[in-house]
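The working numbering runs 67 ahead of the 1-based position in the sequence shown.
All C-beta atoms in this analysis are idealised placements derived from N, C-alpha and C, irrespective of residue type, glycine included.
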Amino acid sequence: MANHVISRALAAAALTLPLVATPATAAPPQAPALSSVIPAPAQVTPAPGATFRLTALTAVKAAPAARKIAEQLARELRPATGYALPVLPATLPGLPTISLQLGGTGGREGYTLTVTPKQVTIRAAAPAGLYNGTRTLLQLLPKEIDSRTVVRRAWTINGGTIKDLPRYAYRGAMLDLARHFHTPAEVKAYIDEISRFKVNYLHLHLTDDQGWRIRIDSWPRLTAGDGGPGVDGEGPGFLTKAEYSDIVRYAAARYVTIVPEVDMPGHVNAAQVAYPELTCDGVAPPPRTDTEVGYSSLCISSETTYRFVEDVIRELAALTPGPYLHIGGDEAHATSEADYVTFQNRVLPLVKKYGKTAYGWNEITKSPAAATAVAQFWGTTTTNPTLAAAVANGTKVVMSPANKAYIDQKYDPSTPIGLSWAGYIEVRDAYGWDPATHLAGVTDPAVIGVEAPLWSETLRDLDDIEFLAFPRLPAIAELGWSPAATHDWDSFSARLGAYGPRWTLRGIDFYPSPQVDWQ
Ligand code: IFG
């Protein structure tokens, strides 16, 4: 990069120098400790006194392959600092620099973050790791960095090194768009927030009894009546293919992979309202706006069913760059055991036919075809012999026990929204379990990760999503990312307490749990 370009960028930066210099006598207010990060990093080595100061002259250095991530970080740092923070391929030596570097070790998602008085360096073997390093960096800056308007203060970062990498590859959140349709803007806002905790999968529950929320060209009536009424008629709407692809792109830029779910053979009332030929008697059932489950079933003996299923899987797989396609499989109480196995034996292989790994609620393990699938555990027990047997046969598991990870459950009896069938889940309950030992006969390496499902029977808007998800989602995110050895409630709750003001600055309507000492 020619020097004149750099000097021009610096000149522009200099113009943003704060007119009122920080009083020389004021000791800069404390920056967060390196150990305050959520999820807890694998290895933290503070270097007391080696403080880095972000100033108007700071530039972000990134090679072309790291440029998008650098631009994203600079965009996140500009509002509160008011600094230009140019992103440059090289910077003049001696200028305070944040350097993003690709290369080295740490696997797909690991990174090393080093802070010295001269430079902040994030090094990672792959872009996802670099992005994870920037999520950590945001938390090492004072909480005011999350302000949307300029805050005049010293932007210091404590010195030291963090070497970090994830415990599990799958760290998921789930959002139910079927019971209540949430708009693309609400989904994107949720993606912004979950990616701050290094969550890397977002499972979208797209179809259910009360609504079908994704356009399928070969079955257009599924979304003709705006996709179905939703619970209490409060949730009509659906994603066009363009909107779904836009969400996929938005998520990918934040290193979140979308996992679409079409729930079958149960939870299909909305599809049968649109296409009565999907029932065995050809009679369309009435649309449903209540919250009952387990009363609907595709017609297992009809070839129309498998034409429908294959069309849906084909179109959804074509829209989904991620590795997983979730086909539900839960609560098929209106399907006989034999029919359920027949159905899964035919449908699980269809997912593979279209290039995806089949993923379903743990009931799919009744079918031997689940040996190459991922089963999502949602039970409230600590034993599940069918799942344990499937694991012995090769099935991988994502752990989302309903009495720990279902963030649609109330915190306590006084919680205004949410359900309670799985029990009340306070943040300490969401944190207080181990994915590797929770379920008998299901442990690493069969466990590939965790997920926090947020069902939307009682949700209406983004505030409701935020109120139920935060602070429990970070608890699940930490179980998915941090080494088991770092698991400690006192540490986690203190870090949550310090993090709360960041949600406030970002306008996130989180639940101020009485279990946490909020700063
Ligand atoms: N169980 C149902 C969901 C939803 C949930 C609400 C699963 C896999 C209760 N199935 O969880 O459709 O209604 O907490």
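For Trp445, is the beta carbon positioned less than 7 Å from some heavy atom of ligand 1?
Here residue 445 corresponds to residue number 378 of the sequence shown, with the count starting at 1. Yes, the Cβ of Trp445 comes within 7 Å of a heavy atom of ligand 1.
Below 6 Å CB to CB, which residues in the same chain sit around Asp213 once its five sequence neighbours on both sides are set aside?
Taking the sequence shown and counting its residues from 1, one reaches residue 213 at position 146. If we look at Asp213 and ignore the five residues flanking it on each side, its Cβ neighbours are Arg569, Leu572, Arg573.
Same chain, Cβ closer than 7 Å to Pro550, neighbours up to 5 away in sequence not counted
On the sequence shown, residue 550 is found 483 positions in, with the first residue counted as 1. Only Ala109, Arg234 meet the Cβ criterion.
Where in the region 354–438 do unbroken runs of the alpha helix (DSSP H), each at least 4 residues long, occur, reported from the N-terminal end onward?
Whole alpha helix (DSSP H) segments, 4+ residues: 370–386, 404–420.
Lys128 - containing beta strand (DSSP E), residue span
Sequence index remark: in the sequence shown, residue 128 carries index 61 (1-based). Start and end: 126–129.
Look at the alpha carbon of Asp357 and the alpha carbon of Tyr198, and state the distance between them as a whole number of angstroms.
Here residue 357 corresponds to residue number 290 of the sequence shown, with the count starting at 1. Here residue 198 corresponds to residue number 131 of the sequence shown, with the count starting at 1. Roughly 42 Å between the two C-alpha positions.
With a cut-off of 8 Å on the beta carbons, I'd call Phe534 and Tyr566 a contact; round off their distance for me.
Here residue 534 refers to the residue found at position 467 when the sequence shown is read from its first residue. Here residue 566 refers to the residue found at position 499 when the sequence shown is read from its first residue. At roughly 16 Å, the Cβ-Cβ gap does not stay under 8 Å, so Phe534 and Tyr566 are not in contact.
Using a Cβ-Cβ cutoff of less than 7 Å, which residues in the same chain neighbour Thr40 once the five nearest sequence positions on both sides are dropped?
Nothing about residue 40 can be reported from this structure: the residues present for the chain run from 68 to 586 only.
Using the C-alpha atoms, what's the distance from Gly173 back to Ser166?
Position 99 of the sequence shown holds residue 166. Position 106 of the sequence shown holds residue 173. Computed Cα separation, rounded: 17 Å.
Flag Trp522 as yes when its Cβ comes closer than 7 Å to any non-hydrogen atom of ligand 1, and as no otherwise.
Within the sequence shown, residue 522 is the residue found at index 455, counting from 1. At least one heavy atom of ligand 1 is nearer than 7 Å to the Cβ of Trp522, so yes.
Got a sec, what are the start and stop residues for the alpha helix (DSSP H) Trp556 sits in?
Here residue 556 refers to the residue found at position 489 of the sequence shown. It spans 556–572 - the alpha helix (DSSP H) in which Trp556 sits, taken as one unbroken run.
Give me the Cα-Cα distance between Thr424 and Leu417, rounded to the nearest whole angstrom.
Here residue 424 corresponds to residue number 357 of the sequence shown, with the count starting at 1. Here residue 417 corresponds to residue number 350 of the sequence shown, with the count starting at 1. So the alpha carbons of these two residues sit roughly 10 Å apart.
Reference Gln186; option with closest CA among Gly170, Ala192, Thr122, Asp243
The residue labelled residue 186 in the question sits at position 119 within the sequence shown. Considering only alpha carbons, the answer is Thr122.
Inter-residue Cα distance where the pair is Thr449 and Ala455:
Start at 1 with the first residue of the sequence shown, and residue 449 comes out as number 382. Start at 1 with the first residue of the sequence shown, and residue 455 comes out as number 388. C-alpha separation (whole angstroms): 11 Å.
Is Val360 near ligand 1, going by C-beta to nearest heavy atom under 7 Å?
The residue labelled residue 360 in the question sits at position 293 within the sequence shown. Yes, the Cβ of Val360 comes within 7 Å of a heavy atom of ligand 1.
Please confirm whether any heavy atom of ligand 1 lies closer than 7 Å to the CB of Leu486.
Numbered from 1 along the sequence shown, position 419 holds the residue referred to as residue 486. Yes, since a heavy atom of ligand 1 falls inside the 7 Å radius drawn around the Cβ of Leu486.
I think Gly239 touches Tyr268, with their Cβ atoms under 8 Å apart; what is that distance to the nearest whole Å?
Here residue 239 refers to the residue found at position 172 when the sequence shown is read from its first residue. Here residue 268 refers to the residue found at position 201 when the sequence shown is read from its first residue. 4 Å between Cβ atoms; contact.
Between which two residues does the alpha helix (DSSP H) holding Phe444 run?
If you number the sequence shown from 1, residue 444 lands on position 377. Element bounds for Phe444: not the alpha helix (DSSP H) but the beta strand (DSSP E), 441–444.
Between Leu383, Ile575, Ala436, Lys419, which lies nearest to Tyr407 when the distance is taken from Cα to Cα?
Stepping through the sequence shown from its first residue, residue 407 is reached at position 340. Considering only alpha carbons, the answer is Ala436.
Can the beta-carbon of Ala245 be found less than 8 Å from the beta-carbon of Arg288?
Mapped onto the sequence shown, residue 245 falls at position 178. Mapped onto the sequence shown, residue 288 falls at position 221. Not in contact: Ala245 and Arg288 (Cβ atoms no closer than 8 Å).
Which same chain residues end up closer than 7 Å to Leu82 when comparing Cβ atoms and leaving out the 5 residues on each side of it in sequence?
Along the sequence shown, one-based indexing puts residue 82 at 15. Residue confidence is low: Leu82 scores 47 on pLDDT, short of 50, so the model does not pin down where it sits. Its coordinate-derived value is still stated next. Contacts found: none.
Counted within 10 angstroms of its Cβ, other Cβ atoms place Trp428 as buried (16 or more) or exposed
Residue mapping note: residue 428 aligns to position 361 of the sequence shown, counting from 1. So Trp428 counts as buried.
Opposing strand residues paired with Met241 [DSSP bridges]:
Here residue 241 corresponds to residue number 174 of the sequence shown, with the count starting at 1. Beta-bridge pairing links Met241 to His270, Pro520.
Buried versus exposed, by CB contacts within 10 Å (16 or more), Val350
Residue numbering aside, residue 350 sits at position 283 when the sequence shown is read from its first letter. Looking at its Cβ environment, which holds fewer than 16 other Cβ atoms inside 10 Å, Val350 is exposed.
Quick check: the Cα distance between Lys230 and Ile314, rounded to an integer number of angstroms?
Reading the sequence shown from its first residue, position 163 is the one you call residue 230. Reading the sequence shown from its first residue, position 247 is the one you call residue 314. Rounded to the nearest angstrom, the two C-alpha atoms are 31 Å apart.
Reference Ile515, options Ser523, Thr525, Asp501, closest by Cα
Numbered from 1 along the sequence shown, position 448 holds the residue referred to as residue 515. For the residues Ser523, Thr525, Asp501, the minimum Cα distance to Ile515 belongs to Asp501.
Using 8 Å as the threshold, is the region 123–134 in touch with the region 153–165, meaning 3 or more CB pairs across them?
Verdict: yes, contact present.
Taking just the CA atoms, how far does Ser363 sit from Ala399?
Numbered from its first residue, the sequence shown carries residue 399 at position 332. Numbered from its first residue, the sequence shown carries residue 363 at position 296. Distance between the alpha carbons of Ala399 and Ser363: 7 Å.
Spatial neighbours of Thr158 within its chain, please: C-beta separation below 6 Å, excluding the five flanking residues on both sides.
If you number the sequence shown from 1, residue 158 lands on position 91. Taken in chain order, the residues that qualify are Ala126, Lys128, Thr164.
Residue span of the alpha helix (DSSP H) that contains Trp548, given as start and end:
The residue labelled residue 548 in the question sits at position 481 within the sequence shown. Taken as a continuous stretch (DSSP letters only), the alpha helix (DSSP H) holding Trp548 covers 539–548.
So, is Trp286 buried or exposed, given that buried needs 16 or more other C-beta atoms within 10 angstroms?
For this step, residue 286 is matched to residue 219 along the sequence shown. Trp286 is buried by the Cβ-count criterion.
Do you know offhand how far Tyr322's Cα is from Cys347's?
Along the sequence shown, one-based indexing puts residue 322 at 255. Along the sequence shown, one-based indexing puts residue 347 at 280. Computed Cα separation, rounded: 43 Å.
Could you spell out the range, first to last residue, of the beta strand (DSSP E) harbouring Gln186?
Within the sequence shown, numbered from 1, the residue matching residue 186 stands at position 119. It spans 186–191 - the beta strand (DSSP E) in which Gln186 sits, taken as one unbroken run.
Applying the 10 Å Cβ sphere with the 16-neighbour rule, what's the burial state of Gly177?
Against the sequence shown, residue 177 aligns to sequence position 110. Answer is buried; the Cβ neighbour count reaches 16.
Heavy atom of ligand 1 less than 7 Å from the Cβ of Glu211, yes or no?
Working through the sequence shown from its first residue, we reach residue 211 at position 144. Not under cutoff, so the answer is no.
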